[in-house]
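Remarks on the structure that follows.
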Amino acid sequence: MPHTLPELPYGYDALEPHIDALTMEIHHSRHHQTYVNNLNAALEGTGLEEVPVDELIANLDRVPEAKRQAIINNGGGHSNHSKFWQMMSPTGGGKPQGKVADAIDSELGGFEAFQEAFTKAALGRFGSGWAWLSVTPEKKLVVENTLNQDSPLMHGNTPVLGLDVWEHAYYLKYQNKRPDYVQAFYNVINWDDVERRYQDAVS
Amino acid sequence: MAFELPALPYEKNALEPHISAETLDYHYGKHHQAYVTKLNELVDGTPNADKSLEEIIKSSSGGLFNQAAQVWNHTFYWHCLSPNGGGEPSGALADAINAKFGSFDKFKETFNAQAVGNFGSGWTWLIKTDDGGVDIVNTSNADTPIAHGQTPLLTIDVWEHAYYIDYRNARPKYLENVWNLINWDFVAQNFS
Chain A
1 MPHTLPELPY GYDALEPHID ALTMEIHHSR HHQTYVNNLN AALEGTGLEE
51 VPVDELIANL DRVPEAKRQA IINNGGGHSN HSKFWQMMSP TGGGKPQGKV
101 ADAIDSELGG FEAFQEAFTK AALGRFGSGW AWLSVTPEKK LVVENTLNQD
151 SPLMHGNTPV LGLDVWEHAY YLKYQNKRPD YVQAFYNVIN WDDVERRYQD
201 AVS
Chain B
1001 MAFELPALPY EKNALEPHIS AETLDYHYGK HHQAYVTKLN ELVDGTPNAD
1051 KSLEEIIKSS SGGLFNQAAQ VWNHTFYWHC LSPNGGGEPS GALADAINAK
1101 FGSFDKFKET FNAQAVGNFG SGWTWLIKTD DGGVDIVNTS NADTPIAHGQ
1151 TPLLTIDVWE HAYYIDYRNA RPKYLENVWN LINWDFVAQN FS
């Protein structure tokens, strides 16, 4: 069964005014769809067509070298975007609660220090990429960023929150003002989803 | 002496309908300007303040390289475009393109395929090779042929900000249309 575009868990306009409906529609139905299509094309004939995408990109040594970059780009694109949609919610924002909140306090110096580090990671990624809150193999939280569609899974970390900072994620509404987009993102973070991912990652 | 944003060699609406005035407002007025501003912040009070842009590009890395190279790349890109552009090259440049790619159409096809395949943010270039021929290369983010001792002849910006207002995700459509704007006189001058 080839990879398919997951449905958005809310309407295209649900994240307004922070992320506009047109951006969501193009981002999901064209950009994400293209990653899915190109991933399926790259996997054809490799025998890896059935491997779940996160497993695929966490084990790139199983991928034939000639296909590896295409699978990093498009498998990463599919994996990252699938998570990104779930990591946001129209009822999101505010502060985390539960175990991830405790870990942010004890490991990252509190919510404000986390926000500062995450914003810096998002603004400091020159070109296209992602900012992440991830769990390391030692079960520690870390703020990091990746280039293009590279995923933290590729170096052994588990992403629990991600922010797309490709220009396509914000250009129609924010143009060159990436800082305004990053600030707006905090209003739509689905902390319940982050908590679920965090508990999975540390269990 | 601080670096300055060079004047655009045409009006902001001059490249319509292929590239809109709104795109140039942001691309030249905000993005290119921001690279100049940040470059000045980084060199101010350092020995780099007395260097040329090219010297900084050839001797730096990280944030300083990114700002300096993006200032240079954008200035070069504006000159590769013209409201009177388009058509095909002639003379020695056309001969070199034909020798490498077989025909102008084949060259465009190859160039577009590389530009579409330049994943993420970057630039696609026609460069002059050491043997006097031409070749197509991709660079990522701010990277530029002059940092590698190569001679750029033509570039097309494939950062999303170059086409997102006008073409959204349709990079191939932007590439198809931008050939109507190529200033072949400028490219030929770089070649000779």
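As they're listed, the protein sequences go chains A and B.
If you count the first sequence from 1, position 188 lands on 188 in my numbering, and the numbers rise without skipping.
Converting from the second sequence to my numbering requires adding 1000 to each position, the first position being numbered 1.
The beta carbon of each residue, even a glycine, is placed where N, CA and C say it ideally should be.
Quick caveat, the model's predicted, so the values are computed rather than measured.
Please state the DSSP three-state secondary structure of residue i.
i, result
"Ser-82 of chain A", "helix"
"Val-1187 of chain B", "helix"
"Ile-104 of chain A", "helix"
"Ile-71 of chain A", "helix"
"Gly-980 of chain B", "This structure leaves residue 980 of chain B out entirely; chain B is present only between 1001 and 1192."
"Asn-1180 of chain B", "helix"
"Ser-89 of chain A", "coil"
"Ile-1136 of chain B", "strand"
"Glu-144 of chain A", "strand"
"Ile-1019 of chain B", "coil"
"Leu-1024 of chain B", "helix"
"Ile-1056 of chain B", "helix"
"Ile-1165 of chain B", "helix"
"Leu-153 of chain A", "helix"
"Leu-123 of chain A", "helix"
"Leu-1175 of chain B", "helix"
"Gly-26 of chain A", "The sequence shown places Ile at residue 26 of chain A, not Gly. Ile-26 of chain A falls in the helix class under three-state DSSP."
"Ile-189 of chain A", "strand"
Tell me where the beta strand (DSSP E) around residue i begins and ends.
i, result
"Leu-133 of chain A", "129–135"
"Asp-1157 of chain B", "1151–1157"
"Ile-1127 of chain B", "1122–1128"
"Asp-164 of chain A", "158–164"
"Thr-1110 of chain B", "No beta strand (DSSP E) contains Thr-1110 of chain B, which is instead part of the alpha helix (DSSP H) from 1104–1116."
At which residues does the alpha helix (DSSP H) containing residue i begin and terminate?
i, result
"Leu-172 of chain A", "171–174"
"Gly-1091 of chain B", "1091–1101"
"Leu-39 of chain A", "33–43"
"Asp-1044 of chain B", "Here Asp-1044 of chain B belongs to no alpha helix (DSSP H), and DSSP marks it neither H nor E."
"Pro-179 of chain A", "178–185"
"Arg-62 of chain A", "Looking at the DSSP string, Arg-62 of chain A is not in any alpha helix (DSSP H), and its letter there is neither H nor E."
"Glu-167 of chain A", "Run containing Glu-167 of chain A: none; DSSP gives neither H nor E here."
State the Cα-Cα distance for the pair residue i and residue j, rounded to the nearest angstrom.
i, j, result
"Glu-1162 of chain B", "Ser-1020 of chain B", "The question names Glu, but residue 1162 of chain B is Ala in the sequence shown. Each residue's Cα considered, the two are about 10 Å apart."
"Lys-99 of chain A", "Glu-116 of chain A", "20 Å"
"Val-1043 of chain B", "Leu-123 of chain A", "20 Å"
"Arg-1168 of chain B", "Tyr-171 of chain A", "9 Å"
"Arg-178 of chain A", "Gly-129 of chain A", "12 Å"
"Ala-42 of chain A", "Ile-189 of chain A", "32 Å"
"Leu-1093 of chain B", "Ser-29 of chain A", "42 Å"
"Leu-1015 of chain B", "Thr-1124 of chain B", "20 Å"
"Phe-111 of chain A", "Ala-101 of chain A", "8 Å"
"Ile-71 of chain A", "Asn-148 of chain A", "13 Å"
"Cys-1080 of chain B", "Leu-5 of chain A", "39 Å"
"Ala-1034 of chain B", "Glu-1055 of chain B", "20 Å"
"Glu-25 of chain A", "Lys-173 of chain A", "13 Å"
"Arg-62 of chain A", "Val-36 of chain A", "19 Å"
"Lys-1012 of chain B", "Asp-1025 of chain B", "7 Å"
"Arg-1171 of chain B", "Ser-203 of chain A", "43 Å"
"His-27 of chain A", "Met-87 of chain A", "15 Å"
"Ser-1059 of chain B", "His-3 of chain A", "45 Å"
Are there any heavy atoms of the ligand COA lying less than 7 Å away from the beta-carbon of residue i, as far as the coordinates show?
i, result
"Asn-1141 of chain B", "Annotation note on the ligand COA: not contained in the displayed structure, which lists no ligands."
Between the beta-carbon of residue i and the beta-carbon of residue j, is there less than 8 Å?
i, j, result
"Asn-38 of chain A", "Asn-74 of chain A", "yes"
"Gly-1133 of chain B", "Ala-1096 of chain B", "yes"
"Pro-137 of chain A", "Gly-162 of chain A", "no"
"Asp-1135 of chain B", "Ile-1127 of chain B", "yes"
"Leu-133 of chain A", "Val-143 of chain A", "yes"
"Thr-1075 of chain B", "Ile-1165 of chain B", "no"
"Tyr-1028 of chain B", "Pro-1083 of chain B", "no"
"Trp-1078 of chain B", "Glu-167 of chain A", "no"
"Lys-1030 of chain B", "Asn-40 of chain A", "no"
"Ala-1142 of chain B", "Ala-1188 of chain B", "no"
"Trp-135 of chain A", "Ala-201 of chain A", "A small correction: the amino acid at residue 135 of chain A is Val; Trp does not occupy that position in the sequence shown. Contact flag set, yes."
"Val-53 of chain A", "His-32 of chain A", "no"
"Leu-141 of chain A", "Ala-103 of chain A", "yes"
"Glu-1088 of chain B", "Phe-1104 of chain B", "yes"
"Asn-1190 of chain B", "Leu-1153 of chain B", "yes"
"Val-1116 of chain B", "Leu-1175 of chain B", "yes"
Between residue i and chain D, is any beta-carbon pair separated by less than 8 Å?
i, result
"Gly-127 of chain A", "You won't find chain D in this structure, because its protein chains are A and B."
Query raised in the report: When you check each C-beta in the stretch 1155–1179 of chain B against every C-beta of chain A, which residues fall closer than 8 Å?
Result: Shown in chain order are the members of the stretch 1155–1179 of chain B whose Cβ falls below 8 Å from a Cβ of chain A: Trp-1159, Glu-1160, His-1161, Tyr-1164, Ile-1165, Arg-1168 and Asn-1169.
**Report entry** Residues from the stretch 1010–1030 of chain B in contact with chain A, defined by Cβ distance under 8 Å
**Finding:** Taking 8 Å as the cut-off between beta carbons, the residues of the stretch 1010–1030 of chain B near chain A are Tyr-1026 and Lys-1030, in sequence order.
Report task. Using a Cβ-Cβ cut-off of less than 9 Å, list which residues of the stretch 25–56 of chain A approach chain B; keep chain order. Result -> Residues passing the 9 Å Cβ filter: Ile-26, His-27, Arg-30, His-31 and Thr-34.
Query raised in the report: Going along the chain, which residues of the stretch 1062–1080 of chain B sit with their C-beta nearer than 7 Å to a C-beta in chain A?
Result: Contact residues of the stretch 1062–1080 of chain B toward chain A are Asn-1066 (C-beta to C-beta distance below 7 Å).
Query raised in the report: Name the residues in the stretch 169–200 of chain A whose C-beta lies less than 8 Å from a C-beta of chain B; which are they?
Result: Cβ contacts with chain B come from Tyr-171, Leu-172, Gln-175 and Asn-176.
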